[in-house]
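Reviewing the structure listed below.
Numbering (the numbering used here), first residue to last: 30 to 142.
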């Protein structure tokens, strides 16, 4: 979500509008130009785009998170490593995590965090 602000040097923020995307900037500026007339040209239009997360700030995807073996306490770096160590398919590991397996299976892994 983007925000567009109309800021007057003396009055501060005169108008503010939240936009679902950046496509509405031009239409909003045009509407403000008609609404505020000459005062619009004294103002500054500020576009505030949403903060983009850096790779360090982004949460890990489910296949990248550490897993722990419930029975042994062994920690695996990711789903692929757990699947290889337990001789299971990576999809089976995911089903263990989501507890979607029914019947004879015991749930042997969960997220470590």
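From the three backbone atoms N, C-alpha and C, an ideal C-beta is built for every residue, glycine too. Treat the numbers as computed from the prediction; the structure is a model and nothing was measured.
message = Pairs of beta-carbons, one from the stretch 30–37 and one from the stretch 63–82, closer than 8 angstroms: are there three or more?
response = yes
ask   = Under a three-way DSSP split, which group does residue 86 fall into?
value = coil
request  = Give the straight-line distance between the Cα atoms of residue 106 and residue 127, rounded to the nearest whole angstrom.
outcome  = 18 angstroms
query = At least one CB of chain D closer than 9 angstroms to the CB of residue 100: is that the case?
reply = Absence of chain D from the displayed structure is noted, only one protein chain being present.
key: Those residues which DSSP pairs with residue 48 across a bridge   = 31
message = Assuming residue 119 and residue 109 are in contact, meaning their beta carbons sit under 8 angstroms apart, how far apart are those beta carbons, in whole angstroms?
response = 6 angstroms
key: Separation of residue 66 from residue 86, as counted between CA atoms   = 43 angstroms
request  = Pick out whichever of 138, 116, 123 has its Cα sitting closest to the Cα of residue 91.
outcome  = 123
Per DSSP, the bridge partner or partners of residue 65 = Note: residue 65 sits in no beta bridge, so no partner.
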